[in-house]
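One structure is given below, encoded as structure tokens.
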Amino acid sequence: MRKHGASHTLKVANRLYGEKTYNFLPEFLASTQKMYGADLAPVDFQHASEDARKEINKWVKGQTEGKIPELLAGGVVNSTTKLVLVNAIYFKGIWQEKFLTRHTTDAPFRLNKKDTKMVKMMYQKEKFPFGYIPDLKCKVLEMPYQGGELSMVILLPEDIEDESTGLQKIEEQLTLEKLYEWTKHENLKEIDVHVNLPKFKIEESYILNSNLGRLGLQDLFSSSKADLSGMSESRDIFISKIVHKSFVEVNEEGTEAAAATAGLVEYCLVSIEAFIVDHPFLFFIRHNPTANMLFFGRVCSP
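Per the UniProt record's numbering: the sequence shown = residues 1 to 302.
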């Protein structure tokens with residue numbers, strides 16, 4: 001999927017890289033093409049795994065406008081690799097209400113109850129959809145991008161009340177259903193808000209095997225237990241690694257991003273609200289027509 005507008009760019013792309021001597025079931029390839037738009041690119045993992053790795057990285061780099069130049073590090077694929085499934089998503093949006101650079105100042109950001117660091121803190125006062133989750137003592141702010149189709153939604157605890165980042169209570173309660181409830185437009189009210197938001201850039205890489213294993217996906221990574229018979233008639237196929245890499249940058253102009261219920265929401269009846277993001281927070285980039293979350297992350301040290 002590619003969507004280019006005057007105000008934002010959104011690209012989602014999927015591709016399969018399969019060992020060229022390996023037979024994948026036609027039904028599997030047809031399904032991935034129909035459901036995800038993912039075609040199969042044959043590569044020579046068996047004799048030229050490094051060349052295959054470079055080819056995959058080159059494709060991802062192109063799909064993410066150069067923001068993720070190396071999805072797969074050296075040694076991630078080898079001569080026994082049979083299939084690599086790749087998903088790339090890239091987003092660049094311009095704020096509907098931009099921050100003026102002259103209002104950006106150096107300000108302290110509290111990492112926890114004891115430690116702080118200086119950050120570049122942006123500022124503006126505008127009308128934004130705002131809400132409050134009383135059970136979590138958490139503020140909700142929606143900041144639209146130009147065109148209104150996409151927004152950044154920020155969940156900000158009132159203060160740091162635990163012994164780490166202050167996000168523990170929110171993260172323990174967070175589910176997709178609750179997130180929809182907390183952030184839907186009916187539960188937010190557009191009011192004047194003083195917004196102090198740090199500029200930040202996130203570049204992270206994760207091997208997701210252990211995370212997915214804790215969710216019950218353990219056999220998938222075992223050569224003796226994995227059952228991927230829907231992909232191939234051969235019984236020696238399993239998932240060796242699932243790699244995720246992300247890039248998100250937020251500044252005065254907008255956001256650039258790439259990535260190869262605890263009580264009802266209430267809003268405060270005040271004329272002007274202060275939304276000072278000077279301690280750890282969660283953020284989401286939402287596609288408003290469908291309410292789908294395209295990106296989500298936590299910022300503990302911008």
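Glycine is no exception: its CB is placed at the ideal position from the N, C-alpha and C atoms.
Fair warning: this is a prediction, and the values are worked out from it, not measured in the lab.
Euclidean distance between Cα positions of residue i and residue j
{"i": "Q96", "j": "P280", "result": "24 Å"}
{"i": "L111", "j": "E163", "result": "11 Å"}
{"i": "P144", "j": "L25", "result": "44 Å"}
{"i": "T105", "j": "D192", "result": "21 Å"}
{"i": "E190", "j": "E273", "result": "11 Å"}
{"i": "K92", "j": "S224", "result": "43 Å"}
{"i": "N87", "j": "E181", "result": "28 Å"}
{"i": "D115", "j": "I239", "result": "41 Å"}
{"i": "A38", "j": "A226", "result": "23 Å"}
{"i": "I133", "j": "L141", "result": "11 Å"}
{"i": "N14", "j": "L85", "result": "8 Å"}
{"i": "S301", "j": "S232", "result": "45 Å"}
{"i": "A259", "j": "H244", "result": "7 Å"}
{"i": "E266", "j": "D219", "result": "Confidence at E266 is low in this model, with a pLDDT of 36, below 50, so the placement of that residue is unreliable and no value is reported for it."}
{"i": "L40", "j": "S49", "result": "17 Å"}
{"i": "M118", "j": "D278", "result": "10 Å"}
{"i": "C268", "j": "R53", "result": "Residue confidence is low: C268 scores 36 on pLDDT, short of 50, so the model does not pin down where it sits. Its coordinate-derived value is still stated next. Taking the straight line joining both Cα atoms gives about 52 Å."}
{"i": "R214", "j": "Y22", "result": "31 Å"}
{"i": "L167", "j": "K127", "result": "26 Å"}
Residue range of the beta strand (DSSP E) that includes residue i
{"i": "K120", "result": "T116 to I133"}
{"i": "S246", "result": "V243 to V250"}
{"i": "I89", "result": "L83 to I94"}
{"i": "G297", "result": "N292 to V299"}
{"i": "T255", "result": "G254 to A259"}
{"i": "H287", "result": "F281 to H287"}
{"i": "R235", "result": "Per DSSP, R235 belongs to no beta strand (DSSP E) and is neither H nor E."}
{"i": "T104", "result": "Counting along the chain, T104 falls outside any beta strand (DSSP E), and DSSP gives it neither H nor E."}
Unbroken alpha helix (DSSP H) run spanning residue i, endpoints
{"i": "N209", "result": "N209 to R214"}
{"i": "F45", "result": "F45 to Q63"}
Beta-carbon proximity list for residue i, same chain, < 6 Å, skipping 5 on both sides
{"i": "E204", "result": "S246"}
{"i": "K125", "result": "H194"}
{"i": "E256", "result": "K92 and E249"}
{"i": "F99", "result": "M122, Q124 and E252"}
{"i": "T9", "result": "K92"}
{"i": "H103", "result": "Y123"}
Residue j beta carbon less than 7 Å from that of residue i
{"i": "residue 374", "j": "T64", "result": "In the structure displayed, the chain extends from 1 to 302; residue 374 sits before or after that span and is not available."}
{"i": "R286", "j": "S79", "result": "no"}
{"i": "F200", "j": "V299", "result": "yes"}
{"i": "P129", "j": "L197", "result": "no"}
{"i": "L136", "j": "I94", "result": "no"}
{"i": "M293", "j": "F283", "result": "no"}
{"i": "L156", "j": "K139", "result": "yes"}
{"i": "N288", "j": "E161", "result": "no"}
Residues near residue i by beta carbon distance below 8 Å, same chain, minus five either side
{"i": "E19", "result": "P42, V43, D44, F45, Q46, T81, K82 and L83"}
{"i": "A291", "result": "Y180 and K184"}
{"i": "N57", "result": "P69, E70, L71 and L72"}
{"i": "S229", "result": "R235"}
{"i": "I202", "result": "S246, F247, V248, E249, G297 and V299"}
Same chain only: Cβ atoms within 7 Å of residue i, ignoring 5 sequence neighbours per side
{"i": "K241", "result": "V76, I207 and N209"}
{"i": "F28", "result": "G230 and M231"}
(message) Just to confirm the assignment: which complete beta strand (DSSP E) runs, minimum length 3, are found wholly within the segment 12 to 43?
(response) Listed in chain order, the complete beta strand (DSSP E) runs (minimum 3 residues) inside the segment 12 to 43 are 39 to 43.
(request) Please list the segments of the beta strand (DSSP E) lying wholly inside the segment 136 to 189, counting only runs of 3 or more residues, in order along the chain. (result) Segments of the beta strand (DSSP E) lying fully in the segment 136 to 189: 138 to 144 and 150 to 157.
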